[in-house]
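Working notes, structure below.
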Amino acid sequence: MSEEILVNVTPRETRVAVVENGMLQELHIERGWARGVVGNVYKGKVQRVMPGMQAAFVEIGLERAAFLHAADIVRPSAPALTGEEDPNAPPPPTRPISELLRDGQEIIVQVVKDPIGGKGARLTTLTSIPSRYLVLLPHTRVIGVSARIEDEAERARLKGIVGGLTAAGDTHGYIVRTNAEGQPEEALADDVAYLARVWSLIGERSASARVGECIYEDLTLPLRAVRDLIRRDVDKVKVDSRETFERLRTFASQFMSAAGAAGTTELAQKIGHYAGERPIFDLYGVEDEIQRALDKQVPLKSGGYLVIDQTEAMTTVDINTGSFLGQRNLEETVYRTNLEAAQSVARQLRLRNLGGIIIIDFIDMNDAEHKRQVLRTLEKALAKDHAKTTVYDFSPLGLVEMTRKRTTESLQRQLTEACHECNGRGTLKTPETVTYEIFREIVRQVRQFDADRLMVMASPKVVARITEEESTAVAELEEFLGKSIRFQADDQYAQEQFDVVLL
1 MSEEILVNVT
11 PRETRVAVVE
21 NGMLQELHIE
31 RGWARGVVGN
41 VYKGKVQRVM
51 PGMQAAFVEI
61 GLERAAFLHA
71 ADIVRPSAPA
81 LTGEEDPNAP
91 PPPTRPISEL
101 LRDGQEIIVQ
111 VVKDPIGGKG
121 ARLTTLTSIP
131 SRYLVLLPHT
141 RVIGVSARIE
151 DEAERARLKG
161 IVGGLTAAGD
171 THGYIVRTNA
181 EGQPEEALAD
191 DVAYLARVWS
201 LIGERSASAR
211 VGECIYEDLT
221 LPLRAVRDLI
231 RRDVDKVKVD
241 SRETFERLRT
251 FASQFMSAAG
261 AAGTTELAQK
271 IGHYAGERPI
281 FDLYGVEDEI
291 QRALDKQVPL
301 KSGGYLVIDQ
311 TEAMTTVDIN
321 TGSFLGQRNL
331 EETVYRTNLE
341 AAQSVARQLR
351 LRNLGGIIII
361 DFIDMNDAEH
371 KRQVLRTLEK
381 ALAKDHAKTT
391 VYDFSPLGLV
401 EMTRKRTTES
411 LQRQLTEACH
421 ECNGRGTLKT
431 PETVTYEIFR
441 EIVRQVRQFD
451 ADRLMVMASP
461 KVVARITEEE
471 STAVAELEEF
481 LGKSIRFQAD
491 DQYAQEQFDV
501 VLL
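Numbering (the UniProt record's numbering), first residue to last: 1 to 503.
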């Protein structure tokens, strides 16, 4: 499999695209005026404790107060984790929020979810700081290994290395990231030292910071791409900015210094500067893919298609056979379409960054084995996703329910806004509907105010319908009211807009 990472830098926007076998799989966007705040650590102040919700609103300097639940608060009296606890044991009960926080209290918090829609950011006091191979957990003693590292011997090796590095008086816990697979002890030791420096700096800044001040900020998007996205199967990182390219090379060298010169050279060689005249996203067809990712309908190679609807509550995906006729019978046609759709759905969720509850309406299948194969194909395709996903079996209605962890806005909500014509409904009232609204408003105005004549201003399409198809109705209305009514078309009016003016 060929995988490349493309970095496009402009003065106010940076975009990172992950391309596998020539197809766009992920897109990350960071704009100078609207950088995400996930991972940032702030000095906050409790605005209001709400016992009924077991939560509190905390001021951290953002536009809206952030939300902190009792379950996300470090409990000073809780025993430290050792990593040997029974995984099947029930979690300790959450103490009442009123025992953990009080109004006006200053507190150090970390953002775990960006503000989305009308909701404020989601917070935790269970701080975690990521590096290339590890995640520091300052408030626990647990050492965990990413579930994506499946080889038991490798899991034991990594856990033993980190346990040995932290044995000498270290009171922190760590999670070993997927990128650590196959890495030598020196690389992990370098990360432990780096995380110790970061945590020490956070402690120093916490003491002197003012409320609402950011005391730790996650890396910029290009640096996060090097830290999180570069794996052994990534062939190339291409950057179209000379300055950003130099910064990434320096950052990669510093991060890999403990892995030896070979590791440093290998990673540095993957990062290249793109100096071509044609925009890098155009060269790889990424711009076209971004435009298609904003469409509701996604074509399949077989002739079928997906219809993706994103709402506030959930995302629904409907699969249709379209023009695909198949070669054998209906069941086989449906099965082949669903198999292709399962792979496409996984890619679209990742590309569009769709999260929360997702309902997939596969075409009805009668064969139980076909259902199992479609579900297995979906789970296998989702295994490449960096976001955590959970897939459930077919429901009695033939639907597949799943969840995908959401930490930032979807691609659609990052790049688009609600239509000003329809206020986000996705539909417009027909000219006929607006015509009868105008007639009702004319009657309403005449009964309230005295006037000899009326003038109606509306969109050309609506006025054309009134003066042509509804001319008889207008004459009857004028006779009924005893008033003269004039209609004037104005290009500035949207289809649903109109004004009734008394003269």
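Glycine is no exception: its CB is placed at the ideal position from the N, C-alpha and C atoms.
Bounding residues of the beta strand (DSSP E) (the contiguous stretch that carries Thr389): Its beta strand (DSSP E) spans residues Thr389 to Phe394.
Give a yes or no on whether the C-beta atoms belonging to Ala268 and Val226 are separated by under 8 Å. no
With distances taken between CB atoms, is the gap from Met457 to Asp393 smaller than 8 Å? If you check the CB distance, Met457 and Asp393 do not come in under 8 Å.
Burial state of Asp281, where buried means 16 or more other Cβ atoms lie within 10 Å: Note that residue 281 is Phe in the sequence shown, not Asp. By the beta-carbon neighbour count (other beta carbons within 10 angstroms, threshold 16), Phe281 is buried.
* What's the gap between the Cα of Val58 and the Cα of Lys119? -> 13 Å
Does Gly263 come out as helix, strand or coil in the three-state DSSP assignment? Because the pLDDT of Gly263 is 48, which lies under 50, any placement of that residue in the model is unreliable, and the question is left without a value.
Among all the DSSP beta bridges, which residues are the ones paired with Asp318? Val307 and Asp361
Report task. In angstroms with no decimal places, state the Cα-to-Cα distance between Lys43 and Val317. Result -> 41 Å
Next item on the list: On the DSSP bridge assignment, give the partners of Asn8 in chain order.
Entry: Note: Asn8 sits in a beta bridge opposite Arg15.
How do the region 456–470 and the region 418–435 stand: do at least 3 beta-carbon pairs fall below 8 Å, yes or no? yes
Quiz item: In the structure shown, what three-state DSSP assignment does Lys301 receive?
Solution: coil
Worksheet entry | Identity of the residue in Leu126, Lys384 and Leu354 nearest Arg404 by Cα | Taking only the C-alpha atoms, the option nearest Arg404 is Leu354.
| query | On the three-pair Cβ rule with 8 Å, is the region 127–147 touching the region 436–449? | reply | no
Exercise. Would the beta-carbon of Ile107 fall within 8 Å of that of Val198?
Worked result: no
Return the chain-ordered list of same chain residues with a C-beta closer than 8 Å to the C-beta of Asp367, the five sequence neighbours on each side being excluded.
-> Counting only Cβ-Cβ distances below 8 Å, and skipping sequence neighbours, we find Glu331 and Tyr335.
Opposing strand residues paired with Asp228 [DSSP bridges]: Looking at the DSSP assignment, Asp228 forms no beta bridge with any residue, so it has no partner.
| query | Which residues bound the beta strand (DSSP E) around Tyr284? | reply | Segment: none, Tyr284 is in no beta strand (DSSP E) and carries neither H nor E.
### Alpha-carbon spacing of Thr220 relative to Ile359, whole angstroms
33 Å
Please report how far the alpha carbon of Glu401 lies from the alpha carbon of Thr408, in whole angstroms. Cα to Cα, Glu401 sits roughly 21 Å from Thr408.
Am I right that Pro222 and Val7 are in contact with their C-beta atoms under 8 Å? What's the rounded C-beta distance?
Right, the Cβ-Cβ distance comes to about 5 Å (below 8 Å), so this counts as a contact.
**Prompt:** Within this structure, are the beta carbons of Leu306 and Ile290 separated by less than 8 Å?
**Reply:** no
Using DSSP with H/G/I as helix, E/B as strand and the rest coil, what is Gly118? coil
Three-state class that DSSP yields for Ala80 in the structure shown
Confidence at Ala80 is low in this model, with a pLDDT of 42, below 50, so the placement of that residue should be treated as unreliable; the coordinate-derived value is given next. In the structure shown, Ala80 sits in coil (DSSP, three-state: anything other than H, G, I, E or B).
inquiry  = So, for Gly260: in the same chain, excluding its five sequence neighbours on each side, which residues have a beta-carbon less than 6 Å away from its beta-carbon?
reply    = Low confidence applies to Gly260: its pLDDT is 40, below 50, so where it sits in the model is not reliable enough to give any reading.
*May I have the straight-line CA-CA distance separating Ile143 from Gln183, to the nearest angstrom?*
17 Å
**Prompt:** To which residues does DSSP link Lys43 through a beta bridge?
**Reply:** Ile108
With a CB to CB cut of under 7 Å and the five nearest residues on each side skipped, what residues in its chain are close to Lys371?
Met365 and Phe394
Notebook entry, point to check: When burial is assigned at 16 or more other CB atoms within 10 Å of the CB, is Phe67 buried or exposed?
Noted result: buried
Could you check what DSSP says for Thr407 in three-state terms: helix, strand or coil?
coil
- Message: For Ser77 and Leu126, what's the separation of their Cα atoms in angstroms?
- Response: Below a pLDDT of 50, predicted positions are generally treated as unreliable, and Ser77, at 46, falls in that range; no measurement from the model is reported.
Kindly indicate the opening and closing residues of the beta strand (DSSP E) around Ile381. A small fix is needed here, since residue 381 is Ala in this sequence, not Ile. Taken as a continuous stretch (DSSP letters only), Ala381 belongs to no beta strand (DSSP E), being part of the alpha helix (DSSP H) at Ala368 to Leu382.
Sub-8 Å separation of Leu283 and Gly272 beta-carbons = no
Checklist entry - Helix, strand or coil: how does DSSP classify Asp491 here? => result Shown here, Asp491 sits in coil according to DSSP, grouped into three states, outside any helix or strand.
Considering Cα atoms alone, identify which of Val9, Leu229, Leu188 and Pro11 is closest to Lys270. Leu229
Inset, instruction - Output the boundary residues of the beta strand (DSSP E) element that contains Val456. - result: Element bounds for Val456: Arg453 to Ala458.
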